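>
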Amino acid sequence: MEHFSYQRAFSIAEALELKQQHGDQALFLSGGTDVLLLIKKGLIHPRVLISLRGIGELRGISKVDGRVTIGSGTTLRTLEKSAVIADHFPALHDAVVNMASVQIRNVATLGGNIVNASPGADSAAPLLIYRAVVQIINRRGEERTVPLEHFFKGFKKIDLQDGELLKAFILDLPPAGAGSAYLKFMKRQAMDLAHVGVGVYLEIDKNNRCRKARIGLATVAPTPIRSQPAEEYLQGRVVDRDSLAAAADLAVGSISPIDDFRGRAWHKTEIVKTFVRRAGMLALKRIEKQEA
Ligand SMILES: Cc1cc2nc3c(=O)[nH]c(=O)nc-3n(C[C@H](O)[C@H](O)[C@H](O)COP(=O)(O)OP(=O)(O)OC[C@H]3O[C@@H](n4cnc5c(N)ncnc54)[C@H](O)[C@@H]3O)c2cc1C
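The sequence shown begins at -16 in our numbering and counts up by one.
1) Between the stretch 74 to 91 and the stretch 11 to 20, do at least 3 Cβ pairs fall closer than 8 Å?
2) Considering only heavy atoms of ligand 1, does any lie closer than 7 Å to the CB of glycine 56?
3) Once the 5 residues before and after alanine 161 are set aside, which same chain residues still bring their CB inside 6 Å of it?
4) What do you reckon, are the CB atoms on valine 221 and asparagine 191 nearer than 8 Å?
5) Mind reading off the beta-carbon distance from serine 55 to glutamine -10? Whole number of angstroms is fine, and I expect it under 8 Å.
6) Glycine 94: buried (16+ other C-beta within 10 angstroms of its C-beta) or exposed?
7) Mind checking which residues open and close the beta strand (DSSP E) that includes asparagine 121?
8) With DSSP collapsed to three states, give me the class of alanine 262.
9) Ligand 1 and valine 31: does any heavy atom of the ligand fall closer than 7 Å to the residue's C-beta?
10) For ligand 1, I want to know if aspartate 17 counts as a neighbour, meaning its beta carbon is within less than 7 Å of at least one of the ligand's heavy atoms.
11) Counting only runs of 3+ residues fully inside the stretch 1 to 89, write out the beta strand (DSSP E) ranges in chain order.
12) Answer with yes or no whether the minimum CB distance from valine 79 to chain D is below 8 Å.
13) Buried or exposed: which applies to threonine 58, given that a residue is buried once 16 or more other Cβ atoms fall within 10 Å of its Cβ?
14) Whose CA, out of Ile120, Gly49, Arg60, Ser106, lies closest to the CA of leucine 75?
See below:
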């Protein structure tokens, strides 16, 4: 049985002050769905847990001047129920509705999912295709921002220093004519981590030519990644089943899957091929639906 003290912070400043006092012995706790599992398994041994749940400033979704800010402490359930997320960021919506269970989504947060830094975090590929920017704050109240793409530094490594806290995610609202989707391959249809996760974002003109494409991939590299060759291939081409299939073949060049408990590398590669095309077709269908 692990022993730790539990301290509640009611402001960002208080949370960072507590972290400064306890140093390496302390860990932030948002929903606790990753932290408590790791403690239970004996993989981490924090002496102090600093709960962020009492900090209102970290929660909620706001839409101002073409930008949406999602507080790091916003629960997956809040995202799932948000019309802003469903209408403008459908790939993120696809991801959260398929994560864990309602009970877990009621407490688990977007910030926790990203800071946990799993290559298979379901929110990562959608946030990558929306080019989310991470807002970070330190004890002196100084803020810095990092594109999510650069926030992931390596396997389980992120650009967050000791004494910093992830405050929010900032996303630009996609323009009209944009569509996106996220598909997750799981062995079971419920309560399973992604064996492969694929997000596709498309902007097309009236002739179906691609103005912008972004492809995010989870669980097939040490960090969640984008596939630049596949994105560049689509640029300027008519988006259809054939061009998406060719882009999917190129996406395979960006991945480095391994054999693990989630599946065999060759199988994950096949799923990437199929899911890039399928998620692209779904994104396309969503654009057509907007225009109908
Ligand atoms: C049964 C079960 C099913 C699951 N299914 C899925 C799934 O389908 N897909 C998936 O991606 N994940 C899944 N998870 C994992 C987990 O629920 C998510 O990663 C969740 O979003 C983590 O959020 P949390 O608030 O609970 O994080 P916590 O456990 O509170 O924290 C996770 C990490 O982030 C740090 N942290 C949290 N907030 C901040 C902050 N604001 N600033 C700095 N550091 C912070 C903590 O110190 C800790 O290191 C599942 C977990 C369980 C137990």
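For every residue, glycine included, the Cβ atom is placed at its ideal position computed from N, Cα and C.
Keep in mind the model is a prediction, meaning the values are calculated, not measured.
Considering the structure as presented:
1) yes
2) yes
3) Glu186
4) yes
5) In fact, because the Cβ distance is near 18 Å, the residues do not count as touching under 8 Å.
6) buried
7) 116 to 121
8) helix
9) no
10) yes
11) 9 to 12, 31 to 34, 44 to 47, 50 to 54
12) Here there is only one protein chain, and chain D is not present.
13) buried
14) Ser106
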